[in-house]
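Visitor:
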Amino acid sequence: MTTANDQLVKALTTDNNFRVLAVNATGVVQTAQQNHALHRTAAAALGRTLVASLLLANATLKGKEGLTVRLNGQGPLGGMIVDADAAGHVKGYVQHPDVDLPQTDKQEEDVATAVGTAGFLEVLKNQGGAQPYASSVPLVSGKIGDDFTYYLAKSEQIPSALGVSVAFTTDDHVAVAGGYLIQTLPGADETAITELEKRLQTLPSIATSLQENPDPAQLINTIFGAEHVKILAHLPVSFYCDCSKEKFAHSLAGIGRKDLQQLIDEDHGAEVVCNFCGQKYDFSEADLVQILNDQAKENENDE
Numbered sequence: 010m011t012t013a014n015d016q017l018v019k020a021l022t023t024d025n026n027f028r029v030l031a032v033n034a035t036g037v038v039q040t041a042q043q044n045h046a047l048h049r050t051a052a053a054a055l056g057r058t059l060v061a062s063l064l065l066a067n068a069t070l071k072g073k074e075g076l077t078v079r080l081n082g083q084g085p086l087g088g089m090i091v092d093a094d095a096a097g098h099v100k101g102y103v104q105h106p107d108v109d110l111p112q113t114d115k116q117e118e119d120v121a122t123a124v125g126t127a128g129f130l131e132v133l134k135n136q137g138g139a140q141p142y143a144s145s146v147p148l149v150s151g152k153i154g155d156d157f158t159y160y161l162a163k164s165e166q167i168p169s170a171l172g173v174s175v176a177f178t179t180d181d182h183v184a185v186a187g188g189y190l191i192q193t194l195p196g197a198d199e200t201a202i203t204e205l206e207k208r209l210q211t212l213p214s215i216a217t218s219l220q221e222n223p224d225p226a227q228l229i230n231t232i233f234g235a236e237h238v239k240i241l242a243h244l245p246v247s248f249y250c251d252c253s254k255e256k257f258a259h260s261l262a263g264i265g266r267k268d269l270q271q272l273i274d275e276d277h278g279a280e281v282v283c284n285f286c287g288q289k290y291d292f293s294e295a296d297l298v299q300i301l302n303d304q305a306k307e308n309e310n311d312e
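Each position in the sequence shown, counted from 1, maps to that position plus 9 in the numbering used here.
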């Protein structure tokens, strides 16, 4: 359900104080809600995490590099896992998609309660090495934006401001989703930083800005003024899953001969569902026998 408006914009301020990324990921989050039958609070939480992961990936990675975000605050949502890369692809799922809590006194989605704070935000970066680089920080609010901001300050050592938003229609469908990431550049003027902090407190919400103008570049212009930013790049973003029957066949081969034989003898087949996109793959009894035979041949070759 990716839309023409789903894109990420990168920019620099003309005074060289800040690097800015902004993204409209409405179609991305709508796809996630549809794929996983997400109730409203679950859609808000996973949506914010998808948006934040896109921003983080495109701020800290390059080329074909990717990252995995794991987040579990021991709240009713359970765990969330999101994969994102520097090419604008993202996918993710939440353990309990049917969570729907009453709104807060400010008429906002109660993501903090749904996520919880008794846990960690963990980021694993796949940058071509033998093992991914892993780092984690305690959750500070469960609201997602604050937690990613804290991660950037502690693990990346970059003073940042990250804002994310997911808004809904009256019938609880995702209406708009997006966010921004602002990072200070080396030698940034302290006065400019203080003024930015004040300005961020008075701006319209991200959702309001994107509903008025879906171009994320306009979100950057709203924050800094069009005359004070230089747009560097536009990147399409999408909810993208690279699962396949072949990949799941490889996974089934890894469960062991005994368990495979049990699936053949008792169930005469198997259905595998991708956690990330909800796609179902049916393996017939003949498929499983073929996997078992291929596994036996590989074992013979290894001996």
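Ideal placement from N, C-alpha and C gives every residue a C-beta, glycine not left out.
#1: Indicate the three-state DSSP secondary structure (helix, strand or coil) for threonine 193 in the structure shown.
#2: What is the DSSP secondary structure of leucine 33, reduced to helix, strand or coil?
#3: For the candidate residues Gly137, Ser150, Glu275 and Tyr159, whose alpha-carbon lies nearest to that of serine 144?
#4: Identify which residue in Val99, Gln299, Ala279 and Lys289 has its Cα closest to the Cα of glutamine 39.
#5: Within the same chain, show all residues whose beta-carbon is closer than 7 Å to that of threonine 122, passing over the 5 residues directly before and after it, in chain order.
#6: Starting from proline 225, follow the alpha helix (DSSP H) in both directions and report where the run begins and ends.
#7: Excluding the five sequence neighbours on either side, which residues of its own chain have a C-beta within less than 8 Å of the C-beta of phenylalanine 27, listed in chain order?
#8: Mind listing, in chain order, the continuous beta strand (DSSP E) runs of no fewer than 3 residues lying wholly within the segment 227 to 286?
#9: For glutamine 298, count neighbouring C-beta atoms within 10 Å of its own C-beta (all shown protein chains included) and say buried if the count is 16 or more, exposed if not.
#10: Nearest CA to the CA of asparagine 141: which residue from Asp291, His48 and Leu76?
#11: Nearest-angstrom Cα distance between asparagine 284 and valine 29?
#12: How many whole angstroms separate the CB atoms of glycine 188 and glycine 172, which I take to be in contact at a CB cut-off of 8 Å?
#13: In terms of DSSP beta bridges, what is alanine 20 paired with?
#14: In terms of residue numbering, what span does the beta strand (DSSP E) encompassing alanine 216 cover?
#15: Using CA atoms only, rank isn't needed, just tell me which of Gln270, Lys306 and Cys286 is closest to glutamate 294.
#16: In terms of residue numbering, what span does the alpha helix (DSSP H) encompassing serine 62 cover?
#17: Would you say alanine 95 and glycine 72 are within 8 Å of each other, going by their C-beta atoms?
#18: Out of curiosity, what's the CA-to-CA distance linking glycine 287 and asparagine 302?
#19: Since valine 108 and valine 91 are thought to touch, with beta carbons under 8 Å apart, how far apart are those beta carbons, to the nearest angstrom?
#20: Please give the ranges of any alpha helix (DSSP H) in the segment 95 to 128, keeping only runs that are unbroken, at least 4 residues long and fully inside the region.
#21: Short check: CB of aspartate 181 to CB of arginine 49, under 8 Å?
#22: CB-CB under 6 Å to asparagine 14, same chain, minus the five flanking residues each way: which ones, in chain order?
#23: In whole angstroms, what is the alpha-carbon distance linking leucine 47 and leucine 209?
#24: Would you please state the rounded distance, in angstroms, between the beta carbons of histidine 105 and alanine 51? I believe it to be under 8 Å.
#25: How long is the line joining the alpha carbons of leucine 261 and cysteine 250, rounded to whole angstroms?
#26: For the alpha helix (DSSP H) holding aspartate 156, just list the boundary residues, first then last.
#27: Looking only at C-alpha atoms, which of Thr69, Val60 and Ile264 sits nearest to asparagine 135?
#28: Which residues in the same chain as threonine 23 place their Cβ atom closer than 7 Å to its Cβ, once the five residues preceding and following it in sequence are excluded?
#29: In the DSSP assignment, what are the bridge partners of threonine 77?
Guide: A quick look at the data gives this:
#1: What you label residue 193 is simply residue 184 of the sequence shown in a count that begins at 1. Here threonine 193 sits in strand by DSSP.
#2: Within the sequence shown, residue 33 is the residue found at index 24, counting from 1. First, the amino acid is wrong: residue 33 is asparagine here, not leucine. Of the three classes helix, strand and coil, the one that applies to asparagine 33 here is strand, per DSSP.
#3: Here residue 144 refers to the residue found at position 135 when the sequence shown is read from its first residue. If we check each option's Cα against that of serine 144, Tyr159 comes out closest.
#4: Here residue 39 corresponds to residue number 30 of the sequence shown, with the count starting at 1. Ranking Val99, Gln299, Ala279 and Lys289 by Cα distance to glutamine 39 puts Val99 first.
#5: Here the question's residue 122 lines up with position 113 in the sequence shown. So the qualifying residues of the chain are Gly84 and Leu110.
#6: Within the sequence shown, the letter at position 216 stands for residue 225. It spans 225 to 233 - the alpha helix (DSSP H) in which proline 225 sits, taken as one unbroken run.
#7: Within the sequence shown, residue 27 is the residue found at index 18, counting from 1. Same-chain partners within the cutoff: Leu21, Ile191, Gln192, Thr193, Leu194, Ala197, Ala201, Leu205 and Phe233.
#8: The segment 227 to 286 contains, as complete beta strand (DSSP E) runs of 3+ residues, the segments 238 to 245 and 278 to 282 (chain order).
#9: Position 289 of the sequence shown, counted from the start, is the residue given in the question as residue 298. Per the sequence shown, residue 298 should be read as valine rather than glutamine. Valine 298 comes out exposed.
#10: For the purposes of this step, residue 141 is taken as residue 132 along the sequence shown, with counting starting at 1. Looking at the sequence provided, one finds proline at residue 141 rather than asparagine. Taking only the C-alpha atoms, the option nearest proline 141 is Leu76.
#11: Position 275 of the sequence shown, counting from 1, holds the residue named residue 284. Position 20 of the sequence shown, counting from 1, holds the residue named residue 29. Rounded to the nearest angstrom, the two C-alpha atoms are 32 Å apart.
#12: Locating residue 188 in the sequence shown gives position 179, where the first residue counts as 1. Locating residue 172 in the sequence shown gives position 163, where the first residue counts as 1. For glycine 188 against glycine 172, the beta-carbon gap comes to about 5 Å, under 8 Å, which counts as contact.
#13: Numbered from its first residue, the sequence shown carries residue 20 at position 11. According to DSSP, which records beta bridges pairwise, alanine 20 is partnered with Val29 and Ile240.
#14: Counted from its first residue, the sequence shown places residue 216 at position 207. Segment 215 to 221 is the alpha helix (DSSP H) holding alanine 216; no beta strand (DSSP E) there.
#15: By 1-based counting over the sequence shown, the position of residue 294 is 285. Taking only the C-alpha atoms, the option nearest glutamate 294 is Gln270.
#16: The residue you call residue 62 lines up with position 53 of the sequence shown. Counted as a single uninterrupted DSSP element, the alpha helix (DSSP H) harbouring serine 62 occupies residues 49 to 69.
#17: Here residue 95 refers to the residue found at position 86 of the sequence shown. Here residue 72 refers to the residue found at position 63 of the sequence shown. Going by C-beta atoms, alanine 95 is nearer than 8 Å to glycine 72.
#18: Position 278 of the sequence shown, counted from the first residue, corresponds to residue 287. Position 293 of the sequence shown, counted from the first residue, corresponds to residue 302. About 28 Å.
#19: Position 99 of the sequence shown holds residue 108. Position 82 of the sequence shown holds residue 91. Rounded, the Cβ-Cβ distance is 17 Å, inconsistent with contact.
#20: Correct list: 120 to 124.
#21: To locate residue 181, count along the sequence shown from 1; it is residue 172. To locate residue 49, count along the sequence shown from 1; it is residue 40. At the C-beta level, aspartate 181 and arginine 49 come within 8 Å of one another.
#22: Taking the sequence shown and counting its residues from 1, the one referred to as residue 14 is at position 5. Around asparagine 14, the same chain offers Asn33 and Pro223 as residues with beta carbons nearer than 6 Å, after the five sequence neighbours per side are excluded.
#23: One-based indexing of the sequence shown puts residue 47 at position 38. One-based indexing of the sequence shown puts residue 209 at position 200. Cα to Cα, the separation comes out at about 30 Å.
#24: In the sequence shown, residue 105 corresponds to position 96, counting from 1. In the sequence shown, residue 51 corresponds to position 42, counting from 1. In this structure, histidine 105 and alanine 51 form a Cβ contact; the two beta carbons are roughly 7 Å apart against a cut-off of 8 Å.
#25: Locating residue 261 in the sequence shown gives position 252, where the first residue counts as 1. Locating residue 250 in the sequence shown gives position 241, where the first residue counts as 1. When rounded, the distance between both Cα atoms is 19 Å.
#26: Locating residue 156 in the sequence shown gives position 147, counting from the first residue. According to the DSSP assignment, aspartate 156 belongs to the alpha helix (DSSP H) that extends over 154 to 163.
#27: Against the sequence shown, residue 135 aligns to sequence position 126. The shortest Cα separation from asparagine 135 among Thr69, Val60 and Ile264 belongs to Thr69.
#28: Your numbering for residue 23 matches position 14 in the sequence shown. Non-local C-beta neighbours of threonine 23 in its own chain, meaning closer than 7 Å and more than five positions away in sequence, comprise His237, Val238 and Lys239, ordered along the chain.
#29: For the purposes of this step, residue 77 is taken as residue 68 along the sequence shown, with counting starting at 1. The bridge partners DSSP lists for threonine 77 are Asp92 and Leu133.
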